[in-house]
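These notes are about the structure you will find just below.
There are 2 protein chains.
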Amino acid sequence: MGKLEAYVRKGERVTIRDVALGAGVSVATASKALNEQGRMTVETRERVQRVAQRLGFRPNAMARALVAQRSFTLGLLTNDTYGRFTLPVVAGLSAAMADRGVSVFLCAVEDDPERVRLNLNAMEDKRVDGLVIAGKRIDRALPIALPPQRMPVVYVNAACPPQGVGFVPDDDGGAYAAVTHLLGLGRRRVTHVSGPRDFEAVGLREQGWRRALDEAGLPVPKAALFGSWSEGFGYETGHALMRTPRAADRPDAVFCGNDQIARGLIDALMHLGVRVPDDVAVVGFDNWEIFAQATRPPLTTVDMELKELGSQAGLTLLDMIDGKPVTEGLQRRPCRLAVRQSCGGQAR
Amino acid sequence: MGKLEAYVRKGERVTIRDVALGAGVSVATASKALNEQGRMTVETRERVQRVAQRLGFRPNAMARALVAQRSFTLGLLTNDTYGRFTLPVVAGLSAAMADRGVSVFLCAVEDDPERVRLNLNAMEDKRVDGLVIAGKRIDRALPIALPPQRMPVVYVNAACPPQGVGFVPDDDGGAYAAVTHLLGLGRRRVTHVSGPRDFEAVGLREQGWRRALDEAGLPVPKAALFGSWSEGFGYETGHALMRTPRAADRPDAVFCGNDQIARGLIDALMHLGVRVPDDVAVVGFDNWEIFAQATRPPLTTVDMELKELGSQAGLTLLDMIDGKPVTEGLQRRPCRLAVRQSCGGQAR
DNA sequence: CTGAAAGCGCTTACAG
DNA sequence: CTGAAAGCGCTTACAG
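In order, the protein sequence lines correspond to chains B and G. Quick note: the first sequence, position 163, residue 163 per the UniProt record's numbering, numbers continuous. Quick note: the second sequence, position 13, residue 13 per the UniProt record's numbering, numbers continuous.
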């Protein structure tokens, strides 16, 4: 058995044929031995496995796919090229899938229907078992002309058609948790500053904020303030808020619709000599480390658990592929509050 | 020909057999017709193509791969989960590859050798034609135990072994361009503030800065300042710089090692009442939109052209796969200066 | 010009 | 217990 390597033509990849030859069995037997299928003497099975090991045999997944009618491959289509929202999703998806032997193709499509077509065709040609379509906002669909051939599809952070399956963060719940945390720390006048009204996420976060105040029996201090997702808007609003004549009407906490707004707002407060969190506590949304950590003090913020979202989406897709029943419609997955210092006091 | 669909078993994917049946030719002929191979009457060829079209036939890429001994598939391994540097690379790679019919598997591996092994095995099983390995700093290798089977590999933003092929941004050139631009605008005392010394990129950017000053016959005003890649460091340094006793010793421009430092530095200057760019011009590095745009005034900064880097890497990998000769070693690709307002005056 | 055969690398009934 | 055969969906010499 020392001359095992003689069986494999040099430079060529080792195939199951080489293994069979080396173990002195048929290809069929080799296959069964390697896959723990069929009945045979342990001696044979082990011999085959030993040879395979020795030769560094790795079965050709495409050949297997051809017979299994299953490629153990997924496609990920996204228009979020900057990846701020999508990359964690992909990382979570990719990791969860890798553990199950499935690999994922990444298709960056911008918002160009032509590129969508191109990539969708590629995914069809490669016979992916399913598709995840990831966007950057939950109320917009990608310009996708019906994935082909009834291929299973799950949507993440994107609009999901009537009978579809989709995952998004629970914006309402995340907001509720943030505001509740603030209230638990004794804050009573919690204002909300957020992005553009036409984002569904904005409405949901506002709703969670409102719900928390209601349940605590607090009056909603003043309508939430809506603008853009930018630091600039946070900065202006910080100034505007502090311009309120009676101090008792000023907020003692601000729940922001994203971390950039929170960052700008904190800068404004600092600029005005208002102490954070002592005078005004601030909480953000996104847990975008680069902002959350750079803020002085570091920002308490809602984490959307995007990795988890990606892995859930993948697992569900696998179930669909296996023909298992999955719950239809949009699922809102829990967010997690990342507590740092801007909210004042880790606990109460 | 109206009953063409009768040839394809319902629910099943249409194969070349269905096309052949529908066109009344053999599978071999159908194949040749579709691939524009071999000789046959245009009539036959067109009939086959028409039928294929009609049936929505898409050839199974895995079956073709099996015979072509080529999967038209690439693997992308990265440890940059947050994707700040890698996502543009992937987008560029993915787009360029899609145009050539090759798809890319994304493997997010963190820095865990176990996951690297797992994903590398998956890539081998799937018989990818090549691998691109993308990192987040040019002087660190990923913990990769020799890609298997002499598979072609190209490195991006990562250390590259002796005989390897790699692509990184031209840090020296980018810095040189930035500083030259500043000098062209009349600045004479250009200081450099950057990240940790042990990053190779830091050394290269410093070198470009120095070179530009030398060529202009200007003395290097003072040693560059090295710290961390953070806003905080930029902020502190901004203060420190302005503390210099004699005004004539203070810089009239600062070239920063990244956009975060630039951002912090600008904040400090603003805080001190120093006008940007009037009193001090500032240039960053990275062109990370979220910072470059949020800065007041918007930041002039060096763009590393990461998308381009990704597409170049992919194209080169394709050449290697095709057995074409490619230039060995690390290639430093040009950066581009994104001119905004923080440098003062778009032109001279 | 067209088709039968062999083969890419595997797996899976089905015989022996 | 083991192996020959057929087949997954294609392509490519090679005959006719």
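Using N, Cα and C, we set each Cβ at its ideal position, and we do this for glycine too.
- As summarised for the region 40-87 of chain B, the continuous beta strand (DSSP E) elements at least 3 residues long and confined to that stretch are 73-78, given in chain order.
- Between G/Asp267 and G/Leu299, the C-beta spacing is not below 8 Å.
- According to DSSP, B/Ala338 shares a beta bridge with B/Thr301.
- When C-beta atoms of the region 53-65 of chain G are compared with those of the region 121-129 of chain B, three or more pairs fall below 8 Å, so the two segments count as touching.
- At a cut-off of 8 Å between beta carbons, B/Thr237 makes no contact with chain G.
- Across the set G/Thr29, G/Gln53, G/Ala338 and G/Ala33, the C-alpha of G/Gln53 shows the shortest separation from the C-alpha of G/Val14.
- Using a Cβ-Cβ distance cut-off of 8 Å, the region 330-339 of chain G and the region 153-173 of chain G are in contact, since at least three pairs of beta carbons, one from each stretch, lie closer than that value.
- Listed along chain G is no residue with a C-beta nearer than 7 Å to that of B/Ser26; the closest approach is about 21 Å.
- Rounded to the nearest angstrom, the gap between the Cα atoms of B/Asn79 and B/Gly217 is 42 Å.
- Residues of chain B whose Cβ lies closer than 8 Å to the Cβ of G/Ser230 are, in chain order, Ala294.
- Between G/Met320 and G/Gly130, the C-beta spacing is below 8 Å.
- Contact check for G/Tyr235 against G/Gly257 fails: the beta carbons are separated by 8 Å or more.
- With 16 or more neighbouring CB atoms inside 10 Å of its own CB, G/Lys307 falls in the buried class.
- Residue burial annotation: G/Ala248 is exposed, with fewer than 16 other C-beta atoms found within 10 angstroms of its C-beta.
- The continuous stretches of beta strand (DSSP E) do not include G/Val274, and DSSP gives it neither H nor E.
- Short of 8 Å from the beta carbon of G/Cys343, and not among the five residues preceding or following it, lie these beta carbons of its own chain, in chain order: His181, Leu182, Leu185, Ala253, Pro277, Ala281, Val282, Val283 and Thr300.
- When secondary structure is reduced to three states using DSSP, B/Ala294 falls in the coil class, being assigned neither helix nor strand.
- Residue contact with chain G for B/Phe199: absent (no Cβ-Cβ distance below 8 Å to any residue of chain G).
- Distance from the CA of B/Arg137 to the CA of B/Gly164, rounded to the nearest whole angstrom, comes to 17 Å.
- Sequence-ordered contacts of the UniProt domain "HTH lacI-type" (14-68) of chain G with chain B read Arg58, Pro59, Asn60, Ala61, Met62, Ala63, Ala65 and Leu66 [C-beta pairs closer than 7 Å].
- Between B/Ala96 and B/Val193, the alpha-carbon positions lie close to 36 Å from each other.
- From the beta-carbon of G/Cys107, the residues of chain B found nearer than 8 Å are Ser94, Ala98 and Ser103.
- Burial of G/Arg115 is indicated by the presence of at least 16 other C-beta atoms within 10 angstroms of its C-beta.
- When Cβ pairs closer than 8 Å are counted between the two stretches, the region 206-216 of chain G is seen not to touch the region 149-163 of chain G, the count staying below three.
- Beta bridge pairing from DSSP links B/Ser103 with B/Thr73.
- Within chain G, no residue has its CB atom less than 7 Å from the CB of B/Val153, the nearest being about 17 Å off.
- The DSSP-derived three-state label of B/Thr191 is strand.
- In this structure G/Ala224 is buried. Its beta-carbon is surrounded by 16 or more other beta-carbon atoms within 10 angstroms.
- The closest CA to that of G/Leu77, considering only G/Glu46, G/Leu337 and G/Gly310, is found on G/Gly310.
- The C-beta distance from G/Ala134 to G/Thr86 rounds to 5 Å, short enough to meet the 8 Å contact threshold.
- Residue pairing of G/Ala108 in beta bridges, as defined by DSSP: G/Thr78.
- Boundaries of the beta strand (DSSP E) harbouring G/Gly329: Gly329 to Arg333, taken from the DSSP string.
- The beta carbon of G/Arg275 is closer than 6 Å to none in its chain, skipping five residues each way along the sequence.
- The beta carbon of G/Gly174 is closer than 6 Å to those of Val302 and Cys335 in its chain, skipping five residues each way along the sequence.
- Following the DSSP letters along the chain, one finds B/Pro113 inside the alpha helix (DSSP H) bounded by residues Pro113 to Asp125.
- Against G/Glu124, the close residues of chain B are Arg58, in the order they occur along the chain (beta-carbon pairs closer than 7 Å).
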